[in-house]
Amino acid sequence: SGEGRWTLEAAIDEAVPANVLAAALFGRFTSRGEADFQNRLLSAMRSEFGGHVEKSAGA
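Following the numbering used here, the numbering of the sequence shown begins with 4 at its first residue and continues without gaps.
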């Protein structure tokens, strides 16, 4: 329904930090699969540029 997004927009407009709300909203996007491409791209960049080994979420 957009309350989280609206709340963050209001916080930005008023220059009020809303770190926890932002993290929760981004977590919701991730759980809906809206960040799959971005997550795969970030993973590839970590591997290619830094050689970082990533642990799976279940580990």
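All residues carry an ideal CB built from backbone N, CA and C; glycine is no exception. In this text the structure is predicted, and so the values were computed from the model without any measurement.
*When G53, N42, E17 are compared against G30, the one with the closest alpha-carbon*: N42
*For V23, name the three-state secondary structure that DSSP assigns.*
helix
_Is the separation between the beta-carbon of G7 and that of L28 shorter than 8 Å?_
yes
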